[in-house]
Amino acid sequence: MKFENVELTNVKMTHSNFTNITFINCTFRHVNFSNSSFNNISMVDCDLDEVDFTQSEFDGIQFISSNFKQALFNKSNFIFTKYEDCQLIEVEFIRIKHKELSLTKCLLSKNNFLYTRLDGLNFSNLKLSDLLFSMDLISGMTITKEQAMAFFEELGVNVVVANYSEDWAKEFEKIKTDILKKISADIIRIEHVGSTSVEGLCAKPIIDIDIVIEDYSKFEAVKSGLASLGYEYEGDLGITEREAFSYEIDQKNQFMEHHIYVCPKHSVELNRHVTFRDHLRNNQPDCQKYGEIKRAAAKKFPTDIEGYLDMKGVVISEIYQRCGLLK
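For the sequence shown, the working numbering assigns the number 37 to the initial residue and increments by one for each residue that follows.
In structure tokens:
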């Protein structure tokens, strides 16, 4: 089916199914397509202005010579998506999943790519400016390491290391109390891990939390309880026995930004978190050394995440050996 030279303005088409359609030279203004599915769709020479695709499913869609402005793709799922010679201005891609994404000769400006999972990225002749980009997972990239680092550097991803704050422990307790209201009967304990859990240590100001369960027989009950609190299950994100959960930032404004993980008590990742934390809490020289390398790495690599991680990784490996995590 083909639509050509069509203009849709102030139209609501939510919960719709679109299959095998080509749109040519069409204009969409103030159109709501939320909670819809799009299969084998092509948009060629189209303009999309304030179009809402929130919580939609896209499988096999290509945008060619099309322009987006103030579009919403939040909480959507994309499979096999292609943008070629397109402009994306002030577009929100918050908490989306993208698989097999291709961007060619595109201009991206002032967009939001927060809490986004991207698999199978393919960038070609891509021009970028003023992007806000925060990733949970990137894998299967078809670009070289050098190209990837140039891409992140152009995005302006900044490494932030803040001075220790006594508020971090208080913020953890607030989040813990809220979570325990729903899942206390199904868990063993809740651990404050990561750098914010170590008194005196500088850190990225995000609270890391491990919820410990006996085994996976308890997981569905905990998952359900967390869902009732607004946490969405994200899978293990490539780390065995560490189940990740995310949330909408505007639903948790009363809390400091945080990461939630659920681990069985025998989890290797849980052991790593707790062992490293406890060692730093009880070994001031190593805690000081770790803090110093984090600050130095952030200063040397303010926009190079991999450089930052590699530099502090040398000290982490040394501390791992001393606390028994590396043999």
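The C-beta atom is built at its ideal place from N, Cα and C for all residues, glycine as well.
| task | Starting from the C-beta of Cys238, find all residues in its chain whose C-beta is less than 8 Å away, skip the five residues before and the five after it, and write them out in chain order. | result | Hits under 8 Å: Val197, Ala198, Asn199, Tyr200, Ser231, Gly327, Lys330 and Arg331.
| said: Is the separation between the beta-carbon of Ile245 and that of Tyr297 shorter than 8 Å? | reply: yes
| Name the DSSP beta bridge partners of Phe159, please? | Leu139
| message | To the nearest angstrom, how far is the alpha carbon of His309 from that of Gly236? | response | 18 Å
| query | Which term fits Ser253, buried or exposed, when burial requires 16 or more other beta carbons within 10 angstroms of its beta carbon? | reply | exposed
| said: In chain order, what are the residue ranges of uninterrupted beta strand (DSSP E) at least 3 long that sit wholly in the segment 213-293? | reply: Within the segment 213-293, the complete beta strand (DSSP E) runs of at least 3 residues are 225-229, 243-249, 267-271 and 279-283.
| message | Applying the 10 Å Cβ sphere with the 16-neighbour rule, what's the burial state of Ile285? | response | exposed
| request: Out of Leu157, Leu124, Asn46 and Arg313, state which residue places its alpha-carbon closest to the alpha-carbon of Thr117. | output: Comparing Cα-Cα distances from Thr117 to each of Leu157, Leu124, Asn46 and Arg313, the minimum goes to Leu157.
| said: In whole angstroms, give me the CA-to-CA distance for Asn103 and Glu86. | reply: 11 Å
| field | Residue(s) in a DSSP beta bridge with Gln98 | value | Ser78 and Lys118
| request: Would you check if the segment 336-350 and the segment 255-265 touch, i.e. whether three or more CB-CB distances between them fall below 8 Å? | output: no
| message | Which residues does DSSP list as the beta-bridge partners of Phe337? | response | Answer is none; Phe337 lacks a bridge partner.
| task | Give the DSSP bridge partners of Asn103, in chain order. | result | DSSP, once it has assigned bridges, lists Asp83 and Gln123 as partnering Asn103.
| query | Along the chain, where does the beta strand (DSSP E) that runs through Phe54 open and close? | reply | Asn53 to Ile60
| field | Terminal residues of the beta strand (DSSP E) in which Leu44 lies | value | Glu43 to Lys48
| request: Count the C-beta pairs between the segment 122-141 and the segment 312-326 that are closer than 8 Å, then say yes if the count reaches three, no if not. | output: no
| Cutoff 7 Å; reference Leu361; Cβ partners in own chain excluding five residues on either side | Arg308, Thr311 and Phe312
| said: In the DSSP output, which residue or residues are listed as bridge partners for Ile300? | reply: For clarity, residue 300 is Pro in the given sequence; the question names Ile instead. DSSP output for Pro300 lists Ile249 as bridge partner(s).
| task | Return the chain-ordered list of same chain residues with a C-beta closer than 7 Å to the C-beta of Thr55, the five sequence neighbours on each side being excluded. | result | Asn75 and Asn76
| message | For Asn113 and Glu93, which I take to be in contact (beta-carbon distance under 8 Å), what is that distance rounded to the nearest angstrom? | response | 5 Å
| message | Relative to the C-alpha of Ile243, which candidate in Thr45, Pro300, Cys359 and Glu202 has its C-alpha closest? | response | Glu202
| field | Residues near Lys301 by beta carbon distance below 8 Å, same chain, minus five either side | value | Ile224, Val248, Ile249, Glu250 and Asp251
| task | Report all residues from its chain with a CB closer than 6 Å to the CB of Val127; omit the five preceding and five following residues, and keep chain order. | result | Phe104, Ala107 and Asn147
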